[in-house]
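Position one of the sequence shown corresponds to residue 21 (our numbering), numbered consecutively onward.
Even glycine gets a Cβ: it sits at the ideal position worked out from N, Cα and C.
What follows is a short report on a single structure.
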Amino acid sequence: MVRGLVAVSSLSLALTIAGCSGSAEESTTPPPAATTTEASTQPSTGGEPTESTSSEPTEQGAEPTEVKVGEKFTDPDTDDVIEIIKVIRDFDSEEQADVIADGGEVVLVQVKVSPGEKYGGAVSEGAFQISWDGDEFWSNKTRLVTEDLEAADLEAFDRISRRDGGSQTGWIAFVVDERTDSYQLQYTRDAAKVIGSDETIDEFVKEIEIPSA
Numbered sequence: 021m022v023r024g025l026v027a028v029s030s031l032s033l034a035l036t037i038a039g040c041s042g043s044a045e046e047s048t049t050p051p052p053a054a055t056t057t058e059a060s061t062q063p064s065t066g067g068e069p070t071e072s073t074s075s076e077p078t079e080q081g082a083e084p085t086e087v088k089v090g091e092k093f094t095d096p097d098t099d100d101v102i103e104i105i106k107v108i109r110d111f112d113s114e115e116q117a118d119v120i121a122d123g124g125e126v127v128l129v130q131v132k133v134s135p136g137e138k139y140g141g142a143v144s145e146g147a148f149q150i151s152w153d154g155d156e157f158w159s160n161k162t163r164l165v166t167e168d169l170e171a172a173d174l175e176a177f178d179r180i181s182r183r184d185g186g187s188q189t190g191w192i193a194f195v196v197d198e199r200t201d202s203y204q205l206q207y208t209r210d211a212a213k214v215i216g217s218d219e220t221i222d223e224f225v226k227e228i229e230i231p232s233a
């Protein structure tokens, strides 16, 4: 018998306990579109950047720079394994040229996600947010630099279903209004309650510093 999870709050992720029946549907309650964490059933592998993402400087004069991060952590409840591999600072985006000219920056973060098999649902790009003031966190804007990513031969990270297993590696783009030396990246998996029981799963939050170039 497949047991599920119901959301503790309106932003909580609803998951389903993985059971023996492979045909059981996932019980999910998607959060708002900007931060959705529900599933895609087709994982893919993100492309690696070339040695230099661009030889041309941005309008602010800073050249794109790749910085290794190498942070890896595991969600203690879902067994999802998240790795922040590296970032590209000052990504040269034609689509966001105005933001860059006004003192902003496009930051690319390469992540690898290997979801656990304990629950259903998914891990998506909406689980990652960025802060440049240490207070408020903002959602990714990958969809706004799609053409730039394709031109640079970089594959965007998309949601990956826990039921599919495996792993996915890809890039998440953040459009920063105020460029700073370093940023805080936040990963959030919302709280949930197991359907048909008193068991609850606490919210899981992990913050990682994105270093300066």
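Taken in chain order, the complete alpha helix (DSSP H) segments of 4 residues or longer contained in the segment 133 to 195 are 166 to 171. Under the Cβ criterion (8 Å, minimum of three pairs), the segment 220 to 227 does not count as touching the segment 172 to 180.
DSSP lists 91, 131 as the beta-bridge partner residues of residue 104. Residue state for residue 211 is assigned as coil, using DSSP reduced to three classes. With a 10 Å radius around the Cβ and a threshold of 16 neighbouring Cβ atoms, residue 125 comes out buried. Around the CB of residue 145, 16 or more other CB atoms lie within 10 Å, so the residue is classed as buried. Around the Cβ of residue 218, a 10 Å sphere holds fewer than 16 other Cβ atoms; the residue is exposed. Rounded to the nearest angstrom, the gap between the Cα atoms of residue 150 and residue 191 is 14 Å. Residue pairing by DSSP places residue 225 opposite 208 in a beta bridge. Closest in alpha carbon position to residue 148, among 132, 136, 216, 137, is 132. Below 8 Å, too few C-beta pairs join the segment 158 to 171 and the segment 89 to 106 to call them touching: fewer than three.
In this structure, the alpha-carbon of residue 114 lies about 9 Å from that of residue 120. Scanning its chain for C-beta atoms nearer than 6 Å, with the 5 sequence neighbours on each side dropped, one finds around residue 108 the residues 73, 84, 86, 128, in chain order. Restricting attention to 92, 112, 95, the CA atom closest to the CA of residue 170 is found in 112. Out of 89, 110, 140, the CA that lies nearest to the CA of residue 212 is found in 140. Exclusion of the five residues before and after residue 95 leaves 209, 224 as the residues of its chain whose Cβ lies within less than 6 Å of its Cβ.
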